[in-house]
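These notes concern the structure reproduced below.
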Amino acid sequence: MNKLIFARVELWVVLLIVLAGLLAMIGFGAVVLEGERKRDGFGRLGQTAVAIAEIPRTIKTLTEEDRRMAGFLPERFRDAPGGWTFFDDRHARPSGYVLLSRHDRAKGHHVVELVSLADGTIRHDWQIDAQALMAGTPGKERFSQGSFANQRSYRAIHPYLTPEGQLVIKDHQSYLMGLDGCARRLWVQDSFLAHHSTESDGAGGFWVPGQVQPHTIDEVPESFVEDTLVHVDGAGNILWQKSVPRIYLDHGMEHTLFTAGRYQPDPLHLNDIQPVLEDGPYWRKGDLFLSFRHTATVMLYRPSSDEIVWMRQGPWLAQHDVDMIDDHRIAVFDNQAYDRGNGARIHGTNRIAVYDFATDEVSFPWAEAFEAADVKTVFEGLFTLLPEGGIFVEEENSGRILILAPDGGVAAQFINKADNGLTYRLGWSRYMTQAEGDAALANLETCGN
Numbered sequence: 003m004n005k006l007i008f009a010r011v012e013l014w015v016v017l018l019i020v021l022a023g024l025l026a027m028i029g030f031g032a033v034v035l036e037g038e039r040k041r042d043g044f045g046r047l048g049q050t051a052v053a054i055a056e057i058p059r060t061i062k063t064l065t066e067e068d069r070r071m072a073g074f075l076p077e078r079f080r081d082a083p084g085g086w087t088f089f090d091d092r093h094a095r096p097s098g099y100v101l102l103s104r105h106d107r108a109k110g111h112h113v114v115e116l117v118s119l120a121d122g123t124i125r126h127d128w129q130i131d132a133q134a135l136m137a138g139t140p141g142k143e144r145f146s147q148g149s150f151a152n153q154r155s156y157r158a159i160h161p162y163l164t165p166e167g168q169l170v171i172k173d174h175q176s177y178l179m180g181l182d183g184c185a186r187r188l189w190v191q192d193s194f195l196a197h198h199s200t201e202s203d204g205a206g207g208f209w210v211p212g213q214v215q216p217h218t219i220d221e222v223p224e225s226f227v228e229d230t231l232v233h234v235d236g237a238g239n240i241l242w243q244k245s246v247p248r249i250y251l252d253h254g255m256e257h258t259l260f261t262a263g264r265y266q267p268d269p270l271h272l273n274d275i276q277p278v279l280e281d282g283p284y285w286r287k288g289d290l291f292l293s294f295r296h297t298a299t300v301m302l303y304r305p306s307s308d309e310i311v312w313m314r315q316g317p318w319l320a321q322h323d324v325d326m327i328d329d330h331r332i333a334v335f336d337n338q339a340y341d342r343g344n345g346a347r348i349h350g351t352n353r354i355a356v357y358d359f360a361t362d363e364v365s366f367p368w369a370e371a372f373e374a375a376d377v378k379t380v381f382e383g384l385f386t387l388l389p390e391g392g393i394f395v396e397e398e399n400s401g402r403i404l405i406l407a408p409d410g411g412v413a414a415q416f417i418n419k420a421d422n423g424l425t426y427r428l429g430w431s432r433y434m435t436q437a438e439g440d441a442a443l444a445n446l447e448t449c450g451n
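Each residue of the sequence shown is one higher than the last, beginning at 3 in my numbering.
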């Protein structure tokens with residue numbers, strides 16, 4: 003054996019082995035590249051080569067903690083207590099409920115909890131089993147079923163709890179569905195991909211942003227995001243839908259979507275549809291307030307006549323969540339987020355912008371309160387003005403919910419903190435009034451979760 007190990011080897015043999023190794027590496031790289039680009043030039047060989055090349059990443063994934071659902075700054079609240087904290091010594095407790103949507107690290111999946119603000123107790127919960135809920139639904143070519151049926155990464159975005167006790171959920175770019183009190187699927191709408199907000203139409207139905215597949219716009223590649231306005235009834239049946247890029251094109255605004263500079267696959271990024279439920283001096287029942295993040299635009303659209311009643315860009319940046327606060331003012335969650343080529347950043351903190359249709363002026367009445375509480379979420383984020391005059395705020399990226407008192411002080415907070423000290427993501431939680439929560443609870447069955 004020693005003779006074999008220490009035997010002299012001719013130099014040309016060594017060079018030949020090295021050359022063969024280099025050629026093998028080049029060949030393997032070519033097969034991997036072909037397989038990664040899904041050209042199928044090498045068939046099963048290409049798929050096998052890609053699997054072999056991914057072994058180091060697979061080992062890393064298996065040996066490291068899965069942090070996909072951690073907050074963007076997971077250690078931001080390491081020194082703060084997790085869960086609910088009520089500052090009763092400074093402020094009166096708010097009334098109502100929070101329909102809390104969050105990733106539970108201990109359970110390894112998303113949960114939705116109906117929390118009473120009177121005492122901080124969980125009155126009902128839904129354990130979200132994404133794989134069971136998606137069973138039997140078709141996949142999508144651009145958004146394969148695995149991209150939104152993963153048990154660990156699925157989020158129940160902006161859940162809506164009806165007075166009858168039905169929970170309406172979806173993830174971003176997934177199917178809209180209704181669940182019973184035990185988180186069992188009652189119905190699913192799988193003809194389009196829903197995303198972002200879910201809002202009541204005031205008559206038992208819902209407005210949700212969707213995405214059209216296949217496209218209705220000519221000359222666009224598969225990567226183009228064609229947002230749609232979708233109106234469904236209480237069982238998820240489509241009542242009406244309209245392509246947003248088609249609205250822009252029909253109203254002579256092609257310049258907003260397509261320029262000769264650089265192609266943008268998601269030029270608008272619809273992230274909120276807020277239906278108007280009552281007539282007012284500046285809008286009519288049935289109108290829709292729309293938020294487009296990528297153009298910093300808020301629009302008032304009238305589906306009944308295909309009319310753009312009003313629109314404005316800025317001063318908000320990357321905004322979310324448009325709400326009407328009286329018959330002549332709207333409030334907008336202003337992320338104040340921007341990207342100048344070095345990644346997304348925030349100008350200080352988030353803020354609430356209030357636009358007055360009567361005066362054509364924008365104000366920021368809660369700017370000091372947001373600065374004092376250091377409210378920061380680069381993406382997503384929402385708010386609700388409370389009956390007592392305070393504000394409910396979700397910092398989605400940071401895993402924190404704040405309830406600000408009328409004077410701007412923090413009355414309560416929730417931090418979605420796990421036992422490892424890190425915070426985990428939320429899913430567009432919703433404030434519910436006392437009456438709304440009580441009505442739903444009366445119709446929810448106990449499932450022994």
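Don't be surprised by glycine CBs; every beta carbon is placed ideally from N, CA and C.
Item to check | Neighbourhood of Gly411 by C-beta distance below 7 Å, restricted to the same chain and skipping five residues each side | outcome: Residue mapping note: residue 411 aligns to position 409 of the sequence shown, counting from 1. A distance below 7 Å between beta-carbons, with the five flanking residues on each side excluded, links Gly411 to the following residues of its chain, in chain order: Arg92, His93.
Checklist entry - Apart from the five residues just before and just after Leu319, which ones in its own chain have a Cβ nearer than 8 Å to its Cβ? => result Here residue 319 refers to the residue found at position 317 of the sequence shown. So the list reads Ala298, Asp336, Asn337, Gln338, Ala339, Tyr340, His349, once near-sequence residues are dropped.
Checklist entry - Which partner residues of Val170 appear in the DSSP bridge assignment? => result On the sequence shown, residue 170 is found 168 positions in, with the first residue counted as 1. Under DSSP, Val170 takes part in a beta bridge, and its partners are Tyr162, Gly180.
Next on the checklist: Suppose only complete runs of 3+ residues qualify. What are the beta strand (DSSP E) ranges in the region 248-320, listed by chain order?
Outcome noted: List check, beta strand (DSSP E) in window: 272-277, 290-294, 299-304, 309-315.
Item to check | Which of helix, strand or coil DSSP assigns to Glu438 | outcome: Taking the sequence shown and counting its residues from 1, the one referred to as residue 438 is at position 436. In the displayed model, Glu438 falls within a helix according to three-state DSSP.
Item to check | C-alpha distance - Leu101 paired with Trp86, whole-angstrom precision | outcome: Counted from its first residue, the sequence shown places residue 101 at position 99. Counted from its first residue, the sequence shown places residue 86 at position 84. Taking the straight line joining both Cα atoms gives about 13 Å.
Checklist entry - Pick from Thr386, His198, Glu12, Ser400: whose alpha carbon is nearest that of Thr351? => result Numbered from its first residue, the sequence shown carries residue 351 at position 349. For the residues Thr386, His198, Glu12, Ser400, the minimum Cα distance to Thr351 belongs to Ser400.
Checklist entry - Is there contact between the region 127-138 and the region 405-423, where contact requires at least three CB pairs shorter than 8 Å? => result A contact is defined here as three or more CB-CB pairs under 8 Å, and the region 127-138 fails this definition with respect to the region 405-423.
Checklist entry - For Lys62, which residues of its own chain have a beta-carbon under 8 Å away from its beta-carbon, when the five flanking residues on both sides are left out? => result Here residue 62 refers to the residue found at position 60 of the sequence shown. Reliability of the predicted coordinates at Lys62 is poor, the pLDDT of 48 falling under 50, and the value obtained from them is presented with this limitation in mind. Apart from sequence neighbours up to five positions away, no residue of its chain approaches Lys62 with a beta-carbon distance below 8 Å.
Item to check | Enclosing alpha helix (DSSP H) for Leu135 [first to last residue] | outcome: Here residue 135 refers to the residue found at position 133 when the sequence shown is read from its first residue. Its alpha helix (DSSP H) spans residues 132-136.
Checklist entry - Going along the chain, which residues of its own chain have a beta-carbon closer than 8 Å to the beta-carbon of Pro267, five neighbours each way excluded? => result Counting from 1 along the sequence shown, the entry for residue 267 is found at position 265. Closer than 8 Å at the Cβ level, and outside the excluded window around Pro267, lie Pro223, Ser225, Phe226, Val227.
Item to check | Ser199 and Asp289 closer than 8 Å at C-beta | outcome: Start at 1 with the first residue of the sequence shown, and residue 199 comes out as number 197. Start at 1 with the first residue of the sequence shown, and residue 289 comes out as number 287. Going by beta carbons, Ser199 and Asp289 fall outside the 8 Å limit.
Item to check | Spatial distance of Ala437 from Gly98 (CA atoms) | outcome: Within the sequence shown, the letter at position 435 stands for residue 437. Within the sequence shown, the letter at position 96 stands for residue 98. One alpha carbon belongs to Ala437, the other to Gly98, and they sit about 8 Å apart.
Next on the checklist: So, for Pro408: in the same chain, excluding its five sequence neighbours on each side, which residues have a beta-carbon less than 8 Å away from its beta-carbon?
Outcome noted: The residue given as residue 408 occupies position 406 in the sequence shown. Glu390, Gly391, Gly392.
Next on the checklist: Can you check which of these residues, Phe89, Asp281, Ser365, is closest to Gly122 by C-alpha distance?
Outcome noted: One-based indexing of the sequence shown puts residue 122 at position 120. Per the Cα distances, Phe89.
Checklist entry - CB Ile171 to CB His253, shorter than 8 Å? => result Locating residue 171 in the sequence shown gives position 169, where the first residue counts as 1. Locating residue 253 in the sequence shown gives position 251, where the first residue counts as 1. Not closer than 8 Å, so no.
Checklist entry - What residue from Ser293, Glu398, Val278 has the CA that sits closest to Leu75's CA? => result Reading the sequence shown from its first residue, position 73 is the one you call residue 75. When only C-alpha atoms are compared, the closest one is Glu398.
Checklist entry - Taking the C-alpha atoms as reference points, what is the distance between Leu302 and Met313? => result Counted from its first residue, the sequence shown places residue 302 at position 300. Counted from its first residue, the sequence shown places residue 313 at position 311. Cα to Cα, the separation comes out at about 6 Å.
Checklist entry - What's the C-alpha gap between Gly84 and Ala369? => result Sequence index remark: in the sequence shown, residue 84 carries index 82 (1-based). Sequence index remark: in the sequence shown, residue 369 carries index 367 (1-based). Counting only the Cα atoms, Ala369 lies some 26 Å from Gly84.
Item to check | Environment of Asp173 [buried if 16+ CB atoms lie within 10 Å] | outcome: Counting from one through the sequence shown, the residue named residue 173 turns up at place 171. Buried.
Checklist entry - Straight-line CA distance for Gly183 to Ala262? => result Within the sequence shown, numbered from 1, the residue matching residue 183 stands at position 181. Within the sequence shown, numbered from 1, the residue matching residue 262 stands at position 260. Each residue's Cα considered, the two are about 51 Å apart.
Next on the checklist: If contacts are defined as beta-carbon pairs under 8 Å, then Asp106 and Val117 qualify, I think. What distance do you get, rounded to the angstrom?
Outcome noted: Position 104 of the sequence shown, counted from the start, is the residue given in the question as residue 106. Position 115 of the sequence shown, counted from the start, is the residue given in the question as residue 117. Not a contact, Cβ separation roughly 14 Å.
Checklist entry - Who are the near neighbours of Ala22 in its chain, counting only those whose CB is closer than 8 Å to its CB and skipping five residues on each side? => result Taking the sequence shown and counting its residues from 1, one reaches residue 22 at position 20. Here Ala22 has no same chain residue with a Cβ atom under 8 Å from its own Cβ, once five neighbours each way along the sequence are excluded.
Item to check | Neighbourhood of Gly316 by C-beta distance below 8 Å, restricted to the same chain and skipping five residues each side | outcome: On the sequence shown, residue 316 is found 314 positions in, with the first residue counted as 1. Answer for Gly316: Ala298, listed in chain order.
Checklist entry - Near Asp203, which residues of its chain fall below 7 Å by C-beta distance, leaving aside the five closest residues on each side in sequence? => result On the sequence shown, residue 203 is found 201 positions in, with the first residue counted as 1. The residues are Trp209, His233, Pro277.
Checklist entry - Of all the beta strand (DSSP E) runs that stay within the bounds of the region 357-406, which reach a length of 3 or more residues? => result The qualifying runs are 363-365, 384-387, 393-397, 402-406.
Checklist entry - Would DSSP call Thr123 helix, strand or coil? => result Position 121 of the sequence shown holds residue 123. The DSSP-derived three-state label of Thr123 is coil.
Checklist entry - If you check the beta carbons only, do Gly236 and Gly282 fall under 8 Å apart? => result Against the sequence shown, residue 236 aligns to sequence position 234. Against the sequence shown, residue 282 aligns to sequence position 280. No, they are not a contact pair.
Next on the checklist: Under DSSP, the beta strand (DSSP E) around His452 begins and ends at which residues?
Outcome noted: With the chain covering only 3 through 451, there is no way to say anything about residue 452.
Next on the checklist: Which of the three DSSP states is assigned to Leu75 in this structure?
Outcome noted: Indexing the sequence shown from 1 puts residue 75 at position 73. Leu75 falls in the coil class under three-state DSSP.
Checklist entry - Smallest Cα separation from Glu1: which of His160, Leu169, Tyr284? => result With the chain represented from 3 up to 451, any question about residue 1 goes unanswered, as that position is not in the structure.
Item to check | Close-in-space but distant-in-sequence residues of the same chain around His197 (CB under 6 Å, 5 per side omitted) | outcome: As a position in the sequence shown, residue 197 is number 195, starting the count at 1. Cβ within range, chain order: His174, Gln175, Pro211.
Item to check | Glu280 to Lys287 span [Cα, whole Å] | outcome: By one-based count along the sequence shown, residue 280 stands at place 278. By one-based count along the sequence shown, residue 287 stands at place 285. Each residue's alpha carbon lies about 5 Å from the other.
Item to check | Where Ala444 falls: helix, strand or coil (DSSP) | outcome: For the purposes of this step, residue 444 is identified with residue 442 of the sequence shown, where counting begins at 1. Correct three-state label for Ala444: coil.
Next on the checklist: Just to confirm my understanding: we take His257, look at its own chain, exclude 5 residues before and 5 after, and list those with CB closer than 7 Å. What are they?
Outcome noted: Numbered from 1 along the sequence shown, position 255 holds the residue referred to as residue 257. For His257, there are no CB contacts under 7 Å within the same chain when 5 residues up- and downstream are skipped.
Checklist entry - So, helix, strand or coil for Gly411, using DSSP? => result Walking along the sequence shown from the start, residue 411 turns up at place 409. Shown here, Gly411 sits in coil according to DSSP, grouped into three states, outside any helix or strand.
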